[in-house]
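Here is the structure we will look at.
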Amino acid sequence: MNPYPFVGICVGETEETIHDPNFKLLHIRLNSYSGKPVNFIKFTLDHLDLKNKTVKGDLWVKEGEELPWKAGVYPLPQVIFMQCRFRKKSLEPFLNKGVTIFNSVFFNKIDNINFFARHEELRPYAPETKVIKDSSQIEEFLLKREKAFLKPVNGFSGRGIVYIEKTGDGKIKANYHLNKSSEEASFPNCLELWKWIYESYCQDQYVVQECIDSIRKRGIPTDIRLNMNRNEKGEWEVIRLFGRMALNGTHMGSKKGIHFFPSTLSSILSERLTKKAIEKIEQELIELGYTICSCFEKDNEQMADLGIDFMIDQNKRIWLIEINTFPSPAGNDRSVTLPLEYARFIATGAP
145 MNPYPFVGIC
155 VGETEETIHD
165 PNFKLLHIRL
175 NSYSGKPVNF
185 IKFTLDHLDL
195 KNKTVKGDLW
205 VKEGEELPWK
215 AGVYPLPQVI
225 FMQCRFRKKS
235 LEPFLNKGVT
245 IFNSVFFNKI
255 DNINFFARHE
265 ELRPYAPETK
275 VIKDSSQIEE
285 FLLKREKAFL
295 KPVNGFSGRG
305 IVYIEKTGDG
315 KIKANYHLNK
325 SSEEASFPNC
335 LELWKWIYES
345 YCQDQYVVQE
355 CIDSIRKRGI
365 PTDIRLNMNR
375 NEKGEWEVIR
385 LFGRMALNGT
395 HMGSKKGIHF
405 FPSTLSSILS
415 ERLTKKAIEK
425 IEQELIELGY
435 TICSCFEKDN
445 EQMADLGIDF
455 MIDQNKRIWL
465 IEINTFPSPA
475 GNDRSVTLPL
485 EYARFIATGA
495 P
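Our numbering puts the first residue of the sequence shown at 145, with every later residue one more than the last.
Pasting the structure below:
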């Protein structure tokens, strides 16, 4: 076997939990990687054998070969990159066993709530968010606010989000995404709304979140995404900071060009703010991004790939909406390959 370091890339808890998009992204990462040689092995957690210090998986050969992957049993990797959604308890048996595992946290909406609450420096930026147990909590929330977002605890990429608003006749208007379109529905009360969500739309636990009146561009709501990665030297780096416009008029969704449109920060804020004010907000967002990275370090969690969602309200206040611990690259930028370069850095101790 060659002398190059072994880096494991976990793509699921078991074969049954593998999602095809993980493979697509992994191929993009590996085909784009141009760093020093590494033995990259994709595997599922149930194929890690700590007792015998081996892993059953597939060794990346290279794209263009008849078989770009070579199945086999290989030495236990020095480092593992978690490129999948997983349950924390499934990873616990492998922690502190002599293998460095990074991106070892997968946040759902409740994890976000707890993370913000745990770190005092983040609390001022967090909108009010509560876990829903029944329709009465939605009703109580709407007594204080006429608008809110309902978000599935385990949702991602905008899926399952419902924007709700009380109308003058006491009904509840709901906007949501269905396939490639945005839909609207009306319900006589919160109980009927909750029944519809749970029985017909998204069978998941939900949170209700304060609706931020964001700065708009041409009347369209906006938000901001900050992508941060550890680089080949192990240092946190800002990869991309950009704005998004919610083309359905209420919230972002998963289909680029259909439910959101990426734009520069200056472009989405310039209708309301001066160039100097935008520069100040940009600096504050970046500083807050580094603060979030340090909060993970305080929690002893080794992260390397974060997508952080913000909103700027009409009073220029920054709101921290969500931290994505398994973000998709925003484009053909360094975030595609940096997790692999960071993995090699951990395995060898050198860039």
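The beta carbon of each residue, even a glycine, is placed where N, CA and C say it ideally should be.
- Judged by their CB atoms, S407 and G433 are not nearer to each other than the 8 Å cut-off.
- By the neighbour-count definition (other C-beta atoms within 10 Å, threshold 16), Q427 is an exposed residue.
- Excluding five sequence positions before and after S358, the CB atoms of its chain that fall closer than 7 Å to its own CB belong to P365, T366, D367, M455, I456 and D457, given in chain order.
- In this chain, the alpha helix (DSSP H) harbouring C437 covers K419 to K442.
- Straight-line spacing of the CA atoms in S438 and L450 works out to 12 Å.
- V155 is a Cβ neighbour of K186, given a cutoff of 8 Å.
- Comparing alpha carbon positions, the residue from P495, K288 and W340 closest to P332 is W340.
- Beta-bridge partners of N319 (DSSP): Y307 and E328.
- Residue burial annotation: H321 is buried, with at least 16 other C-beta atoms found within 10 angstroms of its C-beta.
- A direct Cα-Cα distance of roughly 15 Å separates C346 from S279.
- The distance from the Cβ of Q222 to that of T244 is about 7 Å, consistent with a contact at the 8 Å cut-off.
- Residue range T244 to F246 is occupied by the beta strand (DSSP E) that includes F246.
- In this structure, DSSP gives P268 a helical state, which the three-state scheme calls helix.
- Excluding its 5 nearest sequence neighbours in each direction, K317 has C-beta neighbours in its own chain below 6 Å: E309, T311 and S330, listed in chain order.
- Here the alpha carbons of G302 and P296 stand approximately 9 Å from one another.
- In this structure, I462 sits away from I412, with a CB-CB distance that is not shorter than 8 Å.
- Comparing alpha-carbon positions, the option among L203, E284, Y177 and P219 lying closest to K195 turns out to be P219.
- Bounds of the alpha helix (DSSP H) holding E336 are C334 to W340.
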